[in-house]
Amino acid sequence: MTEPKRGANPYEDISKRTTDHHPKLGLMIGGAVAAVVAIIAAVVIFWPSGDDPADAASGTGAEAASNATQQNATVTISGEDLPPMPDSGGLLADPAEDPANGLVVPTLTGESFDESEVVIGAADGEPKMVVFLAHWCPHCQAEVPAIQQWIDSGGLPEGLEVYSVATGQDASQPNYPPSNWLASESWSPKVLLDDEAQSAAASWGLTGYPYFVMVDADGKVWQRGSGEIPIEEIDRLAQELVAGEAPTADDSSNDGLQTPVDLESGDSGSN
5 MTEPKRGANP YEDISKRTTD HHPKLGLMIG GAVAAVVAII AAVVIFWPSG DDPADAASGT
65 GAEAASNATQ QNATVTISGE DLPPMPDSGG LLADPAEDPA NGLVVPTLTG ESFDESEVVI
125 GAADGEPKMV VFLAHWCPHC QAEVPAIQQW IDSGGLPEGL EVYSVATGQD ASQPNYPPSN
185 WLASESWSPK VLLDDEAQSA AASWGLTGYP YFVMVDADGK VWQRGSGEIP IEEIDRLAQE
245 LVAGEAPTAD DSSNDGLQTP VDLESGDSGS N
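Here's what the structure looks like:
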């Protein structure tokens, strides 16, 4: 038996003989290798990334946003409108001076970005935090990731539902469309789309962005606020609301932390 040359591949002759005498087998091997390479390439290209908005959990605002077919939608409002939040200069309204405190919130029935139905305000025995957001508002852009991180880290107390309303949509303003923004933030609260007249925002007494309405288990206003509310304060409010405690006044200034609007005069704040 001939000794293979030092440094040579001892299986080279076997491989050559195999493919020389069985050309079809050689083609089959080559084809199989090419197929495996193609499959691997396809997996690499189409393997979902954790940052892809399409990876959003089922039923979340981000999922609806990633499948957006609309940015505004018709809203049906049932019940009496809330009076506008008084301008106290603070991030939170003083419950003793807020005319909406203790009033039943109007029920909003509408759609999200993907045309799925969203209902906010029904007295179903669950307390709620509802936040109104405008895509072009810098304070909203700062608040959304802070709230989402709070939710992701387990800060959201059991029994509290969080909803959001996308309002003030304006294609001429930055950060449009809002669906792309909220999908990129992996925003988990459900999103109800306001109409072009901002009917939902007006019916809940919005006077600035971002706008928060804390609703108790009976569907009544527990506390309202507007501006970049620190996440520690949001956490405190959430815990106290779920515990059934009475709301308290707060003297934190909203100076430079809020985008004021006057919907009664037609000022949406985006101009």
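Using this note's numbering, read the sequence shown as starting at 5 and increasing by one per residue. No residue lacks a Cβ here, since even glycine has one placed at the ideal position from N, Cα and C. Since we're looking at a predicted model, the values are computed, not measured.
query: In chain order, what residues of the same chain have a beta carbon less than 8 Å from the beta carbon of Trp191, not counting five sequence neighbours either side?
result: As a position in the sequence shown, residue 191 is number 187, starting the count at 1. If you ignore the 5 residues before and after Trp191, its C-beta comes within less than 8 Å of the C-beta of Thr64, Gly65, Ala66, Ala69, Val148, Gln152, Ser168, all in its own chain and listed in chain order.
- request: Give me whichever residues DSSP pairs with Gly212 in a beta bridge.
  value: Counting from 1 along the sequence shown, the entry for residue 212 is found at position 208. DSSP lists Pro264 as the bridge partner or partners of Gly212.
- request: Check the DSSP bridge columns for Thr73 and list the partner residues they point to.
  value: Numbered from 1 along the sequence shown, position 69 holds the residue referred to as residue 73. Answer is none; Thr73 lacks a bridge partner.
query: Leaving out five residues before and five after Pro193 in sequence, what residues of the same chain have Cβ atoms less than 6 Å from its Cβ?
result: As a working mapping, residue 193 is identified with position 189 in the sequence shown. Excluding residues within five positions, the ones whose Cβ falls inside 6 Å are Gly65, Val166, Tyr167, Ser168.
message: With a threshold of 8 Å on Cβ separation, who are the neighbours of Ala12 within its own chain once the five nearest residues in sequence on each side are excluded?
response: The residue given as residue 12 occupies position 8 in the sequence shown. Low confidence applies to Ala12: its pLDDT is 47, below 50, so where it sits in the model is not reliable enough to give any reading.
- prompt: Where does the unbroken beta strand (DSSP E) through Glu115 begin, and where does it stop?
  reply: Within the sequence shown, numbered from 1, the residue matching residue 115 stands at position 111. Boundaries of the beta strand (DSSP E) around Glu115: 111 to 115.
message: Please report the distance separating the alpha-carbon of Pro110 from that of Ala104.
response: One-based indexing of the sequence shown puts residue 110 at position 106. One-based indexing of the sequence shown puts residue 104 at position 100. C-alpha separation (whole angstroms): 11 Å.
query: Thinking C-beta only, is Leu196 closer than 8 Å to Ala204?
result: Position 200 of the sequence shown holds residue 204. Position 192 of the sequence shown holds residue 196. Remark: C-beta atoms of Ala204 and Leu196 approach each other more closely than 8 Å.
message: Below 7 Å, is the gap between the Cβ of Gly212 and the nearest heavy atom of the ligand FMN?
response: The ligand FMN is not part of this structure, which contains no ligands at all.
task: Give me the Cα-Cα distance between Trp140 and Gly223, rounded to the nearest whole angstrom.
output: Position 136 of the sequence shown, counting from 1, holds the residue named residue 140. Position 219 of the sequence shown, counting from 1, holds the residue named residue 223. Their Cα atoms are separated by approximately 30 Å.
Straight-line Cα distance separating Ser116 from Pro57: As a working mapping, residue 57 is identified with position 53 in the sequence shown. As a working mapping, residue 116 is identified with position 112 in the sequence shown. Unreliable placement is indicated for Pro57, whose pLDDT of 43 sits below 50; no coordinate value is reported for it.
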